[in-house]
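The structure appears below as structure tokens.
Residue numbers (UniProt numbering): 1 to 164.
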């Protein structure tokens, strides 16, 4: 079923979601420009993965936990001297199993994205600090997404109280 994004009932929630995403992307873009030696583009990806159209902080927390889970699995597998495809397959399996065990089923896609961000290497040589830098950038994007979600929830709750 196709939903009309310009439906009068959907304009306000869709607009708020767009604004939340823009605020998150702009905040994460600042360190990307200020510190070009670090991979802050992963923070931009992370903030986009964590933010959601609803105003659920529970979902934001679950996506953050999942993102960190995927990154941690990636960090743990990173030192293994195995082909990238094998590392990814092991990582996907572990991430899904651990995500299901920790009951973050709805956010496993975020966990898998975190895993891929940390483990994929375009560089010729593997350096442990690259994985750690990526982990820090993903976590910073998660923190920005959480703060944006909390800020918007605070603003929306005050607006709703005033209109009631």
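Using N, Cα and C, we set each Cβ at its ideal position, and we do this for glycine too.
Query: Quick check on residue 14: does DSSP put it in helix, strand or coil?; Result: helix
Query: If you count every other CB in all the chains shown that lies within 10 Å of the CB of residue 40, and 16 or more means buried, which is it?; Result: buried
Query: Just checking my contact of residue 66 with residue 24 at CB under 8 Å: how many whole Å lie between their CB atoms?; Result: 17 Å between Cβ atoms; not a contact.
Query: Taking the runs of the alpha helix (DSSP H) that are 4 residues or longer, which of them lie wholly in the UniProt domain "Integral membrane bound transporter" (28 to 148)?; Result: 41 to 50, 57 to 77, 84 to 101, 108 to 119
Query: Are there 16 or more other CB atoms within 10 angstroms of the CB of residue 218, so buried, or fewer, so exposed?; Result: Residue 218 falls outside the range modelled here, since the chain spans only 1 to 164, and no answer is possible.
Query: Just to confirm my understanding: we take residue 94, look at its own chain, exclude 5 residues before and 5 after, and list those with CB closer than 6 Å. What are they?; Result: 73
Query: With distance defined between alpha-carbon atoms, name the residue in 96, 85, 144 nearest to residue 50.; Result: 144
Query: Would you call the region 106 to 119 and the region 68 to 86 in contact, with 3 or more CB pairs under 8 Å?; Result: yes
Query: Can you tell me whether residue 33 is buried or exposed? The criterion is at least 16 other CB atoms within 10 Å of its CB, across all chains shown.; Result: exposed
Query: Using alpha carbons as the reference points, say which of 96, 55, 108, 64 lies closest to residue 43.; Result: 64
Query: Contact check, residue 46 vs residue 141 under 8 Å by CB: the rounded distance?; Result: 3 Å
Query: For residue 139, is the beta carbon positioned less than 7 Å from some heavy atom of the ligand HEM?; Result: By its list of ligands, the structure shown contains no ligand whatsoever, and the ligand HEM lies outside what it can speak to.
Query: Just the C-alpha distance for residue 87 and residue 16, rounded to the nearest angstrom, thanks.; Result: 39 Å
Query: Hey, residue 156 and residue 119: beta-carbon distance below 8 Å or not?; Result: no
Query: With distances taken between CB atoms, is the gap from residue 57 to residue 150 smaller than 8 Å?; Result: yes
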